[in-house]
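Okay, structure first, notes after.
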Amino acid sequence: MRTALEPLRAKALKKWQEMEQGNLPVIMVGAATCGRATGALDVVSALEEKLKAMGKEAIVRQVGCVGMCYHEVLVDISAPGMPRITYGGITPDLGRDLLEDFFVRGNIRPDLAVGSTGAAHLDGIKRLAERPELNQQVKVVLRNCGHIDPSSIDDYLAHDGYLGLAKALEMTPHAIIEEVKQSGLRGRGGAGFSAGRKWESCLQVKSDQKYVICNADEGDPGAFMDRSVLEGDPHSVIEGMIIAGYAIGANKGYVYVRAEYPLAIRQLRRGIAQAKEMGLLGDNILGSGFSFELEIFPGAGAFVCGESTALVLSIEGKRGMPKPLPRPRTTEEGLWGKPTLLNNVKTFACVAQIIHHGAKWFSSIGTPKCRGTAVFALTGKINNCGLIEVPMGIQLRKIIEDIGGGVANGRTFKAVQTGGPSGGCLPSAMLDLPVDFDSLTEAGSMMGSGGMVVLDEGTCMVDIAKYFIDFTLDESCGQCIPCRVGTEQMLKVLNDICEGRGREGDIDLLVEMGEAIVAGSICGLGQSAPNPVLSTIRYFRDEYEAHIREHRCPALVCKAMIRFEIDPDKCKACMLCLKACPVGAITGAKKTPHVIDQALCTKCGVCLEVCPDRFGAVVCLSGAPK
Amino acid sequence: MTDMDQAVQKILSRHQPARHELIPILQAVQAEFGYLPKAAMQAVARFMKVSPSKIYGVATFFAQFYFTRRGKHGVKVCLGTACHVKGAARLMETFEREMGITCGCATDDYQFSLERVNCVGSCAIAPVAMIGEDVYGHLESNQVKEVLKKYAHST
Chain C
15 MRTALEPLRA
25 KALKKWQEME
35 QGNLPVIMVG
45 AATCGRATGA
55 LDVVSALEEK
65 LKAMGKEAIV
75 RQVGCVGMCY
85 HEVLVDISAP
95 GMPRITYGGI
105 TPDLGRDLLE
115 DFFVRGNIRP
125 DLAVGSTGAA
135 HLDGIKRLAE
145 RPELNQQVKV
155 VLRNCGHIDP
165 SSIDDYLAHD
175 GYLGLAKALE
185 MTPHAIIEEV
195 KQSGLRGRGG
205 AGFSAGRKWE
215 SCLQVKSDQK
225 YVICNADEGD
235 PGAFMDRSVL
245 EGDPHSVIEG
255 MIIAGYAIGA
265 NKGYVYVRAE
275 YPLAIRQLRR
285 GIAQAKEMGL
295 LGDNILGSGF
305 SFELEIFPGA
315 GAFVCGESTA
325 LVLSIEGKRG
335 MPKPLPRPRT
345 TEEGLWGKPT
355 LLNNVKTFAC
365 VAQIIHHGAK
375 WFSSIGTPKC
385 RGTAVFALTG
395 KINNCGLIEV
405 PMGIQLRKII
415 EDIGGGVANG
425 RTFKAVQTGG
435 PSGGCLPSAM
445 LDLPVDFDSL
455 TEAGSMMGSG
465 GMVVLDEGTC
475 MVDIAKYFID
485 FTLDESCGQC
495 IPCRVGTEQM
505 LKVLNDICEG
515 RGREGDIDLL
525 VEMGEAIVAG
535 SICGLGQSAP
545 NPVLSTIRYF
555 RDEYEAHIRE
565 HRCPALVCKA
575 MIRFEIDPDK
585 CKACMLCLKA
595 CPVGAITGAK
605 KTPHVIDQAL
615 CTKCGVCLEV
625 CPDRFGAVVC
635 LSGAPK
Chain D
2 MTDMDQAVQK
12 ILSRHQPARH
22 ELIPILQAVQ
32 AEFGYLPKAA
42 MQAVARFMKV
52 SPSKIYGVAT
62 FFAQFYFTRR
72 GKHGVKVCLG
82 TACHVKGAAR
92 LMETFEREMG
102 ITCGCATDDY
112 QFSLERVNCV
122 GSCAIAPVAM
132 IGEDVYGHLE
142 SNQVKEVLKK
152 YAHST
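If you read the protein sequences in the order shown, they are chains C and D.
Under the working numbering, the first residue of the first sequence carries the number 15, and numbering increases by one thereafter.
Under the working numbering, the first residue of the second sequence carries the number 2, and numbering increases by one thereafter.
In structure tokens, the structure reads:
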């Protein structure tokens with residue numbers, strides 16, 4: 015089958031080399047959802063117009079997310095005979111200036127550059143590989159994101175694309191599964207079950223029809239790893255799914271993707287059509303006799319559908335309510351009662367490379383129990399917000415301090431939340447923890463699918479716990495009582511604590527209820543719903559106690575326990591807060607320092623927001639108004 | 002036949018009355034009207050040959066579906082974790098106050114409707130709100146009025 019792929023690959027490689035070694039500069043703009051949110055498409059049109067006005071010929075390409083969301087909009091220029099330079103924070107105006115300086119004045123604008131790629135040294139520009147936020151990362155799943163044009167299958171083919179598939183089609187299904195098992199790949203959806211063993215159990219079931227489903231129903235708030243992979247490198251997922259289909263004997267696959275990800279759906283749709291056209295998908299793939307069809311199913315928005323039985327039911331057009339145990343595994347009885355293999359986006363994205371490079375290569379990355387890499391969406395109160403890929407087992411501290419660049423605005427690290435609504439918060443004492451499936455679970459959190467939200471001293475841990483319980487309560491499918499009623503009762507207690515009505519014994523009550531929900535719920539959503547509460551109690555019990563015993567919110571977040579005041583000595587009577595107050599609670603006039611009427615104040619905090627930093631007259635204080 | 006009936010029939014003609022087509026049908030109906038009108042739901046039930054309660058059972062399960070008319074400009078305030086820790090709750094309160102409606106409702110003139118979303122994946126520019134397809138990052142409460150003004154009485 016590799017001979018059948020060769021002409022496609024040769025053509026794609028030639029095209030890529032012509033572009034890379036050609037006489038035209040190549041300009042790449044990061045235009046995934048995160049880039050577009052910052053105005054990437056405006057930058058693209060500004061650059062194209064400017065090039066036209068300058069009479070300069072260049073190739074402008076839209077690429078996926080390279081992960082440096084904090085430098086968005088990212089523009090890379092790769093001019094003939096020069097290393098590729100990555101520029102950050104580009105607006106349409108800056109983009110026009112950059113082109114003018116770069117191509118007319120020969121000024122490569124080191125002030126706008128993030129770094130360069132390539133051997134040659136450039137004055138004033140660091141190599142990207144030397145930057146601490148990048149040099150500890152290992153890109154396996156994200157290797158192509160931000161480098162290739164995701165809408166071009168040739169780009170993917172030129173980067174070893176579909177080599178894994180071609181090789182797999184020459185192997186027996188058993189050999190493929192053995193390779194995946196040997197690699198040590200564990201499912202990237204959160205639970206970390208051995209992918210090879212899952213495949214094997216699906217292969218062993220005899221059936222006339224089997225299905226492969228890619229779970230791209232990324233529902234964790236604060237997580238966008240799967241979206242970035244689908245937007246930046248859709249073929250890596252398509253290829254992995256075809257290999258899985260061949261290995262377990264399935265001819266049909268579905269990508270279950272959130273309807274809220276329109277760009278990811280568009281890229282996938284295009285990718286599927288291109289792969290079909292080239293004979294890499296559909297009937298008789300690469301002349302192997304194996305056929306595989308792939309369809310997209312846009313999910314309608316239910317967090318619980320991340321659970322395999324619920325996801326399957328929703329494809330069948332039913333309410334997505336997980337099936338209670340004892341029940342057959344989805345690998346035995348899944349979609350329409352047929353054996354179904356369900357894996358996460360990132361799991362499939364690893365597979366093609368495992369087959370292509372071999373299990374040894376993959377298992378050389380990471381730790382003995384957790385092979386390979388972990389992809390995280392690093393967000394919250396951190397300097398370098400973005401998408402990262404690190405070897406399993408890396409110290410949490412390295413992620414926060416080196417890759418993340420530390421806590422934003424010079425504030426102090428308090429905790430990091432991983433695993434979304436199913437996970438927990440880890441305090442600074444845990445910063446030396448190696449990051450992998452097992453150690454995070456042991457510490458009371460979990461890997462989850464890859465959300466990592468950094469919290470600083472301005473985050474109230476009780477409020478965070480309440481936030482997640484509120485989320486799971488909303489997303490609970492409602493069929494089992496511990497989850498449906500239990501989360502509601504927990505929320506009530508948490509609301510009481512945050513609103514100053516907390517009682518002695520509330521903490522123990524929360525723990526008791528939490529443990530009962532973990533033990534009594536039928537699916538993963540309920541079983542993990544109390545985790546955010548339990549882990550914050552475990553590590554931040556004093557903060558709960560401060561709320562209950564002293565009616566004090568140490569982070570100054572809970573409204574019932576704070577007040578806003580204006581320091582008359584610092585107030586310059588500028589009228590800004592007075593005009594901004596939505597409830598007219600601020601009185602005063604020009605030259606008369608302003609005063610907040612505590613009886614009217616809703617504690618929205620707008621006054622603090624608008625008071626100029628150089629005055630700093632509005633302050634948030636602990637304790638309810640007297 | 003009313004315009005709505007015709008539009009629904011046109012959507013149904015592209016599908017089979019098979020259960021697994023139900024969610025795609027509902028998505029298509031919502032794409033047409035912005036929500037799932039009662040008459041359309043009944044037409045879907047007749048087409049699928051099941052009771053409307055079954056259709057509602059599925060539709061109400063999923064957060065994507067709305068059952069009341071939406072505003073011309075859909076405002077979505079992200080309440081994902083990254084936005085939450087950067088003050089999204091306050092931002093939501095401001096939108097509610099400026100628009101004079103609570104989350105989940107539409108304004109009387111159907112110019113605007115307001116929703117919460119659980120993550121738009123633009124965490125690096127949190128807190129984030131979307132109006133239609135436009136994304137506003139690093140949004141502060143005192144900018145909300147200005148932002149909404151851009152859309153008032155526009156198409």
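Yeah, the Cβ is synthetic: ideal placement off N, Cα and C, and Gly gets one too.
None of the values given here were measured: they were computed from a predicted structure.
Is M42(C) helix, strand or coil by DSSP?
-> Strand.
Relative to the C-alpha of R70(D), which residue among Q144(D), A41(D), P53(D) is closest?
-> Selected option, being the one with the closest Cα: A41(D).
Taking the beta strand (DSSP E) that T680(C) falls in, what are its first and last residues?
-> Residue 680(C) lies beyond the residue range present for chain C, which begins at 15 and ends at 640; the question has no answer from this structure.
L508(C) and A530(C) look like a contact to me (Cβ under 8 Å); what is the Cβ gap, rounded to whole Å?
-> Contact between L508(C) and A530(C) is absent: CB atoms are separated by about 16 Å, not below the 8 Å threshold.
Within the same chain, show all residues whose beta-carbon is closer than 7 Å to that of H85(C), passing over the 5 residues directly before and after it, in chain order.
-> These residues qualify, in order along the chain: G102, G103, V128.
In whole angstroms, what is the alpha-carbon distance linking Y275(C) and R241(C)?
-> Near 7 Å, if we compare the C-alpha coordinates of R241(C) and Y275(C).
Over the uninterrupted beta strand (DSSP E) stretch that includes M131(D), give me the two end residues.
-> Following the DSSP letters along the chain, one finds M131(D) inside the beta strand (DSSP E) bounded by residues 130 to 132.
Helix, strand or coil at P568(C) according to DSSP, with G and I counted as helix | Three-state result, P568(C): coil.
Minimum C-alpha distance to K73(D) - residue among T82(D), Q112(D), Q65(D), M5(D) | With distances taken between CA atoms, K73(D) lies nearest to Q112(D) out of T82(D), Q112(D), Q65(D), M5(D).
Cβ of V136(D) less than 8 Å from any chain C Cβ?
-> Residue-level contact by beta carbon holds for V136(D) and chain C, with a gap shorter than 8 Å.
CB-CB under 6 Å to T361(C), same chain, minus the five flanking residues each way: which ones, in chain order?
-> Hits under 6 Å: G201, R202, A209.
Taking just the CA atoms, how far does L183(C) sit from G437(C)?
-> Those two C-alpha atoms are separated by around 39 Å.
S114(D) classed as buried or exposed, judged by whether at least 16 other C-beta atoms fall within 10 angstroms | Under this definition S114(D) is a buried residue.
Cβ-based burial, P340(C) [other Cβ within 10 Å; buried from 16] = With fewer than 16 other Cβ atoms inside 10 Å of its own Cβ, P340(C) counts as exposed.
State whether the region 289 to 302 of chain C contacts the region 326 to 345 of chain C, with contact taken as three or more CB pairs (one from each stretch) at a distance under 8 Å.
-> With a cut-off of 8 Å, the region 326 to 345 of chain C and the region 289 to 302 of chain C do not count as touching, because too few Cβ pairs lie within range.
Sequence-distant residues of its chain with Cβ nearer than 8 Å to V421(C) (five each side left out) = In its chain, beyond the 5 residues on either side, K395, I396, N397, I414, F427, V468, D470 have a beta carbon closer than 8 Å to the beta carbon of V421(C).
Kindly identify the DSSP beta-bridge partner or partners of M466(C).
-> Paired residue(s): L392(C), T432(C).
Closer than 9 Å, Cβ to any Cβ of chain C: which residues of the region 81 to 104 of chain D, in chain order?
-> Those would be G81, T82, A83, C84, H85, V86, K87, G88, A90, R91, E94, T95, R98, E99, in chain order.
Mark R628(C) as exposed unless 16 or more other C-beta atoms lie within 10 angstroms of its C-beta, in which case mark it buried.
-> Exposed, since its Cβ has fewer than 16 Cβ neighbours within 10 Å.
For the region 147 to 230 of chain C, list the alpha helix (DSSP H) runs that are entirely contained and at least 4 residues long, ordered along the chain.
-> Taking 4 residues as the shortest admissible run, the region 147 to 230 of chain C contains the following complete alpha helix (DSSP H) segments, listed from N- to C-terminal end: 167 to 171, 177 to 182, 187 to 197, 209 to 218.
Please classify L295(C): does DSSP put it in a helix, a strand, or coil?
-> Assigned with DSSP and collapsed to three states, L295(C) falls in coil, not helix or strand.
Nearest-angstrom Cα distance between A316(C) and Y225(C)?
-> Rounded to whole angstroms, the gap between the alpha carbons of A316(C) and Y225(C) is 22 Å.
Answer yes or no: does any C-beta atom of chain D fall closer than 8 Å to that of R498(C)?
-> The Cβ of R498(C) sits no closer than 8 Å to any Cβ of chain D.
Per DSSP, which one or two residues make a beta bridge with Y268(C)?
-> Bridge partners of Y268(C): I227(C), E309(C).
Three-state secondary structure (DSSP) at F376(C)?
-> When DSSP states are grouped into helix, strand and coil, F376(C) belongs to the helix group.
State the beta-bridge partners of F629(C) as determined by DSSP.
-> Looking at the DSSP assignment, F629(C) forms no beta bridge with any residue, so it has no partner.
N- and C-terminal bounds of the alpha helix (DSSP H) containing S54(D) | Run containing S54(D): 53 to 62, per the alpha helix (DSSP H) assignment.
Which of the three DSSP states, helix, strand or coil, is assigned to I3(C)?
-> The first residue shown for chain C is 15 and the last is 640, placing residue 3(C) beyond what the model contains.
What are the partner residues of V78(D), as DSSP defines its beta bridges?
-> Assignment of beta-bridge partners to V78(D) by DSSP yields R117(D), A130(D).
DSSP state of Y137(D) mapped onto helix, strand, coil = In this structure, Y137(D) counts as strand in the three-state DSSP scheme.
What is the DSSP secondary structure of V597(C), counted as helix, strand or coil?
-> In the displayed model, V597(C) falls within coil according to three-state DSSP, outside both helix and strand.
Considering only the beta carbon of each residue, do L614(C) and V632(C) sit closer than 8 Å?
-> In this structure, the beta-carbon distance from L614(C) to V632(C) does not fall below 8 Å.
Please classify T550(C): does DSSP put it in a helix, a strand, or coil?
-> Helix.
Segment limits, beta strand (DSSP E) that includes I580(C) | It spans 576 to 580 - the beta strand (DSSP E) in which I580(C) sits, taken as one unbroken run.
Who pairs with Y275(C) in a beta bridge, going by DSSP?
-> None; Y275(C) has no bridge partner.
What is the DSSP secondary structure of C491(C), counted as helix, strand or coil?
-> Three-state DSSP puts C491(C) in coil, outside helix and strand.
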